[in-house]
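The structure appears right after this line, and notes come after that.
Number of protein chains: 2
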Amino acid sequence: MPRRSASAVDADRARTLREAVDLASVVGLEGLTIGSLAERLQMSKSGLAGRFGSKEQLQLAALDLAAEMFANVVYDPAASAPAGRRRLLAICDRWIAFLGEPCFRGGCFLTTASVEFDARPGPVRDAVRATMRRWLRVLEDEAATAVRQGELPAGTDPAALAFTINALAVGTNCDFQLHRDASALARGRSAMEALLAPGPAPLAAAA
Amino acid sequence: MPRRSASAVDADRARTLREAVDLASVVGLEGLTIGSLAERLQMSKSGLAGRFGSKEQLQLAALDLAAEMFANVVYDPAASAPAGRRRLLAICDRWIAFLGEPCFRGGCFLTTASVEFDARPGPVRDAVRATMRRWLRVLEDEAATAVRQGELPAGTDPAALAFTINALAVGTNCDFQLHRDASALARGRSAMEALLAPGPAPLAAAA
DNA sequence: GCATATACGGCACGACCGTTCGCTTTCGGG
DNA sequence: CCCGAAAGCGAACGGTCGTGCCGTATATGC
């Protein structure tokens, strides 16, 4: 039997994972070591390792939490906006804000993990891919709704629009993280808003 | 005295660095180890380490070579195009082609290095930042020329345009590397071309 | 109150890391 | 012709990695 209640265990696990995500956002998911994380949590290596079984499972759990936090901070506040273009704008707004003041020290965790594992086959790469695909699907569905409601040019391809928004966000994150210049955020925001401008002008989302 | 001619030493060093860049594009600049690189080159660890002095200097040298290769493949072929919008379009064309068939297995090395080191102070981060800044400056100058020549809307901010092009390239690289879907390349290209469309329509590069 | 399941610490293992120290081999200059 | 500079090798260093094993403390169900 567990020596503490299940909820306490869960809370402890969440705290551990939050620290793991914060650390990994700086040194990468591979650079995240059991030892350094244990030291941060004032635990022994073996105690920490026992919780997750292996480093890979720790990586997967950290990835899951990061995705959940991202959704909480970026999508959830925007979900109250009316579906379609307005919600997309709200998402972009929250997204840029998230990039400017990320929950973790090393910038967007998902971007870091994506770049780190994009050429390394394995469960972590698969999980990153699935997470990204799921998020892009959300954007895509929202874009399709916007087109259906006539808020965007009729020829707009929702998938292309979702791709471009995401690409701008990723690029903005990289630039801001590297140079720490807030003008990157303003420029990323402008580019997104231009992309989502109403009216008949066909923008970058065609075909 | 060197036991071989200086040019032979340089050629050998270049070959070594090319392999280092290829390896690092997959596992990252930090994941690049002396041992694995030595094995690849059929050398001893100590022999390889002696050439560069330290791992950090190897990282810096690899970064330099990668930047040079990027310029050779992306900028140089486009330099023959007339300065301004036409050259920018040529750069984007070569850039997308480069992303689709990178010289190295792990995709754009500069993006990988940038994301990997953007939160880790030190000489490598500084070098990445300088390299990126230099490249963005090239784009910016070209954009300024295009605006001056009236090939782009008058209000266009060259720095913002350069930022957006770069962001699209970085985002396209991430998406393509992760999903290995060529449609990412087409979408990135479309977004860039829409950004560089002539005519008076103010696009994402305003302010 | 006791037995038991379980989380955690201490410890050690083998592997690999970057780096260093001789040693050999090999060439170019006096 | 020989001597010295230098490159590269093998081996070893201390350190850290992920991962098991085992003892122990502890909280809960009986």
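In order, the protein sequence lines correspond to chains D and A. Start counting the first sequence at -6; every next residue gets the next number (our numbering). Start counting the second sequence at -6; every next residue gets the next number (our numbering). No residue lacks a Cβ here, since even glycine has one placed at the ideal position from N, Cα and C.
query: Curious, which full-length alpha helix (DSSP H) runs of at least 4 residues does the region 156 to 186 of chain A contain?; result: none
query: Have a look at glutamine 52 of chain A and alanine 72 of chain A and give me their C-alpha separation to the nearest angstrom.; result: 28 Å
query: What separation, rounded to the nearest whole angstrom, lies between the Cα atoms of alanine 13 of chain A and arginine 118 of chain D?; result: 23 Å
query: At which residues does the alpha helix (DSSP H) containing glycine 28 of chain D begin and terminate?; result: 27 to 33
query: Beta-carbon separation of glycine 77 of chain D and glutamine 142 of chain D under 9 Å?; result: yes
query: Please identify the residue among D:Arg126, D:Ala155, D:Arg127, D:Thr124 whose C-alpha is closest to the C-alpha of alanine 139 of chain D.; result: D:Ala155
query: Taking CB distances under 9 Å as the criterion, tell me whether aspartate 111 of chain A reaches chain D.; result: yes
query: What residues from chain A crowd round arginine 122 of chain D, counting only those whose CB sits closer than 7 Å?; result: Leu171, His172
query: How would you write the range of the alpha helix (DSSP H) that glutamate 133 of chain A sits in, first residue to last?; result: 116 to 141
query: Given that a residue counts as buried once 16 or more other Cβ atoms are within 10 Å of its Cβ, and exposed if not, what is leucine 188 of chain A?; result: buried
query: Within the chosen definition, does the region 102 to 110 of chain D reach the region 118 to 129 of chain D through at least 3 CB pairs nearer than 8 Å?; result: yes
query: Taking C-beta pairs closer than 9 Å, name the residues in chain A that alanine 153 of chain D reaches, listed in chain order.; result: Ser176, Ala179, Arg180, Ser183, Ala184
query: Does the Cβ of glutamine 170 of chain D have 16 or more other Cβ atoms within 10 Å, making it buried, or fewer, making it exposed?; result: buried
query: Using 9 Å as the threshold, is the C-beta distance between glutamate 186 of chain A and cysteine 85 of chain A below it?; result: yes
query: Between the Cα of leucine 178 of chain D and the Cα atoms of A:Glu32, A:Leu178, A:Ala153, A:Ala184, which residue gives the shortest distance?; result: A:Ala153
query: Leaving out five residues on either side along the sequence, give the residues of the same chain with a beta carbon under 6 Å from the beta carbon of alanine 83 of chain D.; result: Ala71, Ala74
query: Nearest CA to the CA of leucine 58 of chain A: which residue from A:Asn159, A:Glu133, A:Val121?; result: A:Val121
query: Kindly say whether glutamate 12 of chain A, judged by its beta-carbon, lies nearer than 9 Å to any beta-carbon of chain D.; result: no
query: Can proline 116 of chain A and glutamate 32 of chain A be called in contact, C-beta distance under 9 Å?; result: no
query: Would you say valine 140 of chain A reaches chain D, if we count a Cβ-Cβ gap shorter than 9 Å as a contact?; result: no
query: Taking the C-alpha atoms as reference points, what is the distance between alanine 17 of chain A and valine 163 of chain A?; result: 18 Å
query: Does DSSP put cysteine 96 of chain A in a helix, in a strand, or in coil?; result: coil
query: Can you name the start and end residues of the alpha helix (DSSP H) that glycine 40 of chain A belongs to?; result: 38 to 45
query: Given a limit of 9 Å on CB to CB distance, which residues of the region 6 to 34 of chain D reach chain A?; result: Ser18, Val19, Val20, Gly21, Glu23, Gly24
query: Does DSSP classify glycine 77 of chain A as helix, strand or coil?; result: coil
query: Looking at the C-beta of valine 67 of chain D, does it have a partner C-beta in chain A at a distance below 9 Å?; result: no
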